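Chemist: Can you keep this structure in mind? I'll have questions shortly.
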Amino acid sequence: MSDGDPEGFAAYVRGRAATLRRSAYLLCGDTHQADDLVQEALTTVYSKWRLVSRADNVDAYVQRILVRTFINERRRGWWKVRLFGSTAPDLPESGPGVEERQVLRAALSRLTPGQQAVLVLRFLCDRSVADVAMLLDCSEGNVKSQTSHALTALRKILGTRQPEMTLKGAR
Numbered sequence: 507m508s509d510g511d512p513e514g515f516a517a518y519v520r521g522r523a524a525t526l527r528r529s530a531y532l533l534c535g536d537t538h539q540a541d542d543l544v545q546e547a548l549t550t551v552y553s554k555w556r557l558v559s560r561a562d563n564v565d566a567y568v569q570r571i572l573v574r575t576f577i578n579e580r581r582r583g584w585w586k587v588r589l590f591g592s593t594a595p596d597l598p599e600s601g602p603g604v605e606e607r608q609v610l611r612a613a614l615s616r617l618t619p620g621q622q623a624v625l626v627l628r629f630l631c632d633r634s635v636a637d638v639a640m641l642l643d644c645s646e647g648n649v650k651s652q653t654s655h656a657l658t659a660l661r662k663i664l665g666t667r668q669p670e671m672t673l674k675g676a677r
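Residue numbers (the working numbering): 507 to 677.
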């Protein structure tokens, strides 16, 4: 455990928990898993808080931990059993756009974890290529390439059933 500035960590979490949870939900599409991802990421952040709190961009550092946690979860997730289906409590379960959102969420879940992370960060979290490259610890060219491959794969998965709302700027 860290012995450095627990009050600073608590203040950071109070200020950023909702944003982290939103990012986690966009990555995984499940509120309970999003909560687990945030909790796991924040546990890692707490154990390294002395180092994290000195970073030039604490938010980017924590976001990177969250994304890496998601990717690692997807890689080792074959042994997990899902007991219940769930929907996001903050999103309407009926009305305009719900079907498109469900179709897109299902299609995103069929991509590789890296492709899913790139698309979510670029288009749903509105991050720049440079931000995504920094978060995923890869080159900007790799982000562009992964984005292109992911969009191609997403279009193949969706086929003729491409929702109108797909990804901002992805057409």
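Idealized CB from N, CA, C, for every residue including glycine.
Computed from a prediction, not measured in an experiment: that's the story for all the values here.
What is the DSSP secondary structure of residue 507, reduced to helix, strand or coil?
Modeler: For the purposes of this step, residue 507 is taken as the residue at position 1 of the sequence shown. At residue 507, the pLDDT of 41 sits below 50, so the modelled position is not reliable and the matter cannot be decided from this model.
Chemist: Rounded to a whole number of angstroms, what is the C-alpha to C-alpha distance between residue 504 and residue 556?
Modeler: Residue 504 lies beyond the residue range present for the chain, which begins at 507 and ends at 677; the question has no answer from this structure.
Chemist: Just to confirm before moving on: does the CB-CB distance between residue 531 and residue 524 stay below 8 Å?
Modeler: What you label residue 531 is simply residue 25 of the sequence shown in a count that begins at 1. What you label residue 524 is simply residue 18 of the sequence shown in a count that begins at 1. Result no, Cβ atoms of residue 531 and residue 524 do not sit closer than 8 Å.
Chemist: What residue does the alpha helix (DSSP H) around residue 550 start on, and which one ends it?
Modeler: Within the sequence shown, residue 550 is the residue found at index 44, counting from 1. Here the alpha helix (DSSP H) through residue 550 covers 537-553.
Chemist: Where does the unbroken alpha helix (DSSP H) through residue 520 begin, and where does it stop?
Modeler: Counting from 1 along the sequence shown, the entry for residue 520 is found at position 14. Here the alpha helix (DSSP H) through residue 520 covers 512-534.
Chemist: Drop a sphere of 10 angstroms on the beta-carbon of residue 651, count the other beta-carbons inside from all chains shown, and report buried for 16 or more, exposed for fewer.
Modeler: The count along the sequence shown starts at 1 and reaches residue 651 at position 145. Burial call: exposed.
Chemist: Quick one: using the 10 Å Cβ neighbour count with 16 as the cut-off for buried, is residue 575 buried or exposed?
Modeler: In the sequence shown, counting from the first residue as 1, residue 575 sits at position 69. With 16 or more other Cβ atoms within 10 Å, it is buried.
Chemist: Identify every run of the alpha helix (DSSP H) within the segment 595-655, keeping only runs that are complete inside it and at least 4 residues long; order them along the chain.
Modeler: Fully enclosed alpha helix (DSSP H) runs of 4 or longer: 604-615, 619-625, 635-642.
Chemist: Could you check if residue 658 is buried or exposed, using at least 16 other CB atoms within 10 Å of its CB as the buried criterion?
Modeler: In the sequence shown, the residue the question calls residue 658 occupies position 152. Per the 10 Å Cβ criterion, exposed.
Chemist: So which of 551, 568, 516, 615 has the shortest CA-CA distance to residue 640?
Modeler: Sequence index remark: in the sequence shown, residue 640 carries index 134 (1-based). Selected option, being the one with the closest Cα: 568.
Chemist: Quick one: using the 10 Å Cβ neighbour count with 16 as the cut-off for buried, is residue 529 buried or exposed?
Modeler: Walking along the sequence shown from the start, residue 529 turns up at place 23. Classification of residue 529: buried, given that the 10 Å Cβ count is 16 or more.
Chemist: Quick check on this structure: which residue in 618, 612, 633, 635 has the alpha carbon closest to the alpha carbon of residue 502?
Modeler: Here the chain comprises residues numbered 507 to 677, so residue 502 is not present and cannot be evaluated.
Chemist: Excluding sequence positions up to five away, which residues of its chain have a Cβ less than 8 Å from the Cβ of residue 614?
Modeler: To locate residue 614, count along the sequence shown from 1; it is residue 108. 535, 622, 625, 626, 660, listed in sequence order.
Chemist: Less than 8 Å between C-beta atoms, sequence neighbours within five positions excluded: which residues of the same chain meet that for residue 520?
Modeler: Numbered from 1 along the sequence shown, position 14 holds the residue referred to as residue 520. The answer is none, since no qualifying residue turns up.
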